[in-house]
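Peer 1: Counting in this note's numbering, the sequence shown runs from 74 upward without gaps. All C-beta atoms, glycine included, are put in the ideal place defined by N, C-alpha and C. A quick note: this is a predicted structure, and the numbers were derived from the prediction, not measured. Attaching a single structure in C-alpha cells format; questions to follow.
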Amino acid sequence: MDSIVITGGRRIEGELPVSGAKNGALPAFAATLLCPGTFRFSNVPDLRDVQTIISLLREFGSEISAVEDGVYTLESSGINHVVAPYDMVRTMRASVLVLGPLLARNGQAKISLPGGCAIGERPINFHLKGLEAMGAEIALEHGYVSAKAPDGLRGAKIIFDTVTVTGTENLMMAAAAATGDTVLENAAREPEIIFLADLLNRMGGDVQGAGTDRIQIKGGRKLHAAEMEIIPDRIETGTFMAAAAITGGHLKITSCNPADCEAFTQKLRECGCSISEGENWIEVKGPRRPSPVDIETSPHPGFPTDMQAQMMAVLAIADGASIVTETIFENRYMHVAELRRMGADIKLKDKNAFIKGVESLSGADVMATDLRASASLVIAGLAAKGITRLGRVYHLDRGYQHIEKKLALVGADIKRVRER
Ligand code: EPU
C-alpha cells in the first residue's frame, strides 16, 4: 500500500492547473446509459472513482475507450445487463447514479443498496421515493434495490425533504427519459447539477431551472449521444487554495471556475488571504498566520461540506478560536482525531468542532478513511514541522488526480512511497 510522505514547512508558490470534476464526471458517465450512441467526454480526471464507474458501465455492456489523455468515448448501444453488484457499489456510493438512467431506458434495474459509509449513514430513500412517484415499483431484497417500470417512467412533481445532490441528478436523468413533465422542488443547486442539465439538454432533453431549487424537465424527447467537456473540480480548486493559505504561500490556480468557489473564497479572505481572480483562474496569497473564522456547511451556494476538513486544517494553526459546524453529514469529523495527533487543539460536541489555533502542527503518521479527511491531512502536513506520513492513500486517489505531483511542482516536499 502506498503512503504520501510530506516534509512540512515549505511555502508553496507557483501555478497549478485544476483537473475535471469527479462529481461532474460521475453523473455524466451515468447519463450515457439513457440512450444508445457514442458519447465523448474531455477533461475527464484520472481518478479511481472514474475507473470504478467505467468498470460498472462495462458490466452493463458499454464500450469505453480512452482515446487520448483525459478524453473518453462511451458507446452505449449494447446495454444488456442491468445489475450493479455489491462489490462495485461498496467501493463507490455514487454508483447509485446508474439507477435512474437504467430504469428509464430498460424498464428495470437492480443495484446493491449502498450501506453506511465513513462520513455517515447516507440513505438513498429520496432517490427511491422520487422514482416511485414516477411509477417505478421498488423492492428491497437480499441487499439489493430491485426497480421495475415495465410501462416506462412518467413525469411527476417531486418535493425533496432534504436537498440531495445525487438524488436530484438521478431523478433529472430519469425524468429526461420519462413521458410527461417532471418538477423537482427543493432541488440541489450545485454547479454539477447545472453541468448535468447542460449535458441532458445537449442530448436533446429539455431541462430548465438547474441552479435554482426548482427544476423542470419535459419528458418524451428522443435522446441522443453528445460531447461534453467536464467542468473544473471546485473542491480540488479549494483544496489548493487551502494549501496556499496554510503555508503562507502564493498560488495561481488555473483552469478553474472561480464563481463555483465563492463561499470558500470568502472564508479564506476572512482568514487573511489576499485573493484575486479572473475568468478561469484564482490567485491566493496566504497570510503570515491565518485568522480564525467560524464556518457552517450547507448545500450550495453555502460552504461545501467537501471543503470542511481542509478548512479545519487551516484553522488548526489560526491565531485564535474558530467553530466549525457540519450540517450535512453526521460523521464527517474523521480528520479531527488525526489532526489532534499532529498537535491540533480541537474538541467535538455534536455537530460542532471547537478549534483553538496552535502556533504550529507537528508531523506524524496519520491516516483517514474518507477522501476529504485525507486531503485535510495532506494540507496539515504541508505546514507541520517535520515529517507527516499519510497511509490509506487510495482514499485520496479516489478524488485527486496525482495530488502529490501537483503539489511538488509548486515547491512542496511531498512524495508517494510504495510500501512493501
Ligand atoms: N440524504 C438522505 N436521503 C437520501 C439522500 C440524501 O437522507 O435519499 C441525506 C444524506 O445522508 C446527507 C444529505 O442528505 O445527510 C445530503 O446528501 P447528498 O445526497 O446531497 O449527498 P450525495 O449526493 O450522496 C454528493 C457528493 C458528495 C458531497 C455531497 C454533499 C457526488 C458523487 N457526491 O453526495 O461528495 O459531499 O453531495 O455536497 O456528487 C466527495 O466528493 O468527497 C463527496 C462525498
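#1: Relative to the C-alpha of E86, which residue among V144, I319, I266 and V78 is closest?
#2: Taking 6 Å as the cut-off, is the CB of A249 close to at least one heavy atom of the ligand EPU?
#3: Based on the DSSP output, what are the partners of V490 in its beta bridges?
#4: Pick out whichever of A249, A229, S168 and T235 has its Cα sitting closest to the Cα of R178.
#5: Could you say which of I452, Q181 and T241 lies nearest to A270 if we only look at CA atoms?
#6: Near Q289, what residues of its chain come up, given a Cβ to Cβ distance below 6 Å and the 5 sequence neighbours on each side ignored?
#7: Taking all protein chains shown into account, decide if Y467 is buried (16 or more other Cβ within 10 angstroms of its Cβ) or exposed.
#8: So what does DSSP say about G464, is it helix, strand or coil?
#9: What did DSSP end up calling C329 once you bin it into helix, strand or coil?
#10: Indicate, with yes or no, if the ligand EPU has a heavy atom lying under 6 Å from the CB of L257.
#11: Could you tell me the alpha carbon to alpha carbon distance between P174 and N404, rounded to whole angstroms?
#12: Does the distance between the C-beta of L285 and the nearest non-hydrogen atom of the ligand EPU fall short of 6 Å?
#13: Fully enclosed by the region 257-283, which beta strand (DSSP E) runs are 3 residues long or longer?
#14: Checking the sheet assignment: what are the DSSP bridge partners for H323?
#15: For the region 401-419 against the region 316-331, are there 3 or more C-beta pairs whose distance is under 8 Å?
#16: Over what stretch of residues does the alpha helix (DSSP H) that includes I126 continue unbroken?
#17: My guess is that C108 and M245 are in contact by the Cβ rule of under 8 Å, so how many angstroms apart are they, rounded?
#18: When the distance is taken between beta carbons, is A386 closer than 7 Å to P363?
#19: Check each candidate in A394, S371, G292 and P100 and name the one with the smallest Cα separation from T252.
Peer 2: Walking through what the data contain:
#1: Against the sequence shown, residue 86 aligns to sequence position 13. Closest by alpha carbon: I319.
#2: Position 176 of the sequence shown, counting from 1, holds the residue named residue 249. Checking every heavy atom of the ligand EPU against the Cβ of A249, none is found closer than 6 Å.
#3: Numbered from 1 along the sequence shown, position 417 holds the residue referred to as residue 490. Beta-bridge pairing links V490 to S76.
#4: As a first step, residue 178 must be located in the sequence shown, where it is residue number 105. Considering only alpha carbons, the answer is A249.
#5: In the sequence shown, residue 270 corresponds to position 197, counting from 1. Out of I452, Q181 and T241, T241 has the C-alpha closest to the C-alpha of A270.
#6: As a first step, residue 289 must be located in the sequence shown, where it is residue number 216. Sequence-distant Cβ neighbours of Q289 in its own chain, meaning closer than 6 Å and more than five residues away, are V256, Q281 and G282.
#7: Position 394 of the sequence shown, counted from the first residue, corresponds to residue 467. Classification of Y467: exposed, given that the 10 Å Cβ count is below 16.
#8: Indexing the sequence shown from 1 puts residue 464 at position 391. In this structure, G464 counts as strand in the three-state DSSP scheme.
#9: Sequence index remark: in the sequence shown, residue 329 carries index 256 (1-based). Correct three-state label for C329: coil.
#10: Stepping through the sequence shown from its first residue, residue 257 is reached at position 184. Result no, Cβ not under 6 Å from the ligand EPU.
#11: Translated into the one-based positions of the sequence shown, residue 174 becomes position 101. Translated into the one-based positions of the sequence shown, residue 404 becomes position 331. Taking the straight line from one Cα to the other gives about 30 Å.
#12: Here residue 285 refers to the residue found at position 212 when the sequence shown is read from its first residue. For the record, residue 285 in the displayed sequence is Thr; it is not Leu. Flag unset: Cβ of T285 not near the ligand EPU.
#13: 279-281
#14: Against the sequence shown, residue 323 aligns to sequence position 250. Answer is E86 and K358, bridged to H323.
#15: no
#16: One-based indexing of the sequence shown puts residue 126 at position 53. Its alpha helix (DSSP H) spans residues R121 to F133.
#17: Stepping through the sequence shown from its first residue, residue 108 is reached at position 35. Stepping through the sequence shown from its first residue, residue 245 is reached at position 172. The Cβ separation is near 15 Å, so there is no contact.
#18: Residue 363 sits at position 290 when you count from the first residue of the sequence shown. Residue 386 sits at position 313 when you count from the first residue of the sequence shown. Their beta carbons are not under 7 Å apart, which means P363 does not touch A386 by this criterion.
#19: For this step, residue 252 is matched to residue 179 along the sequence shown. When only C-alpha atoms are compared, the closest one is G292.
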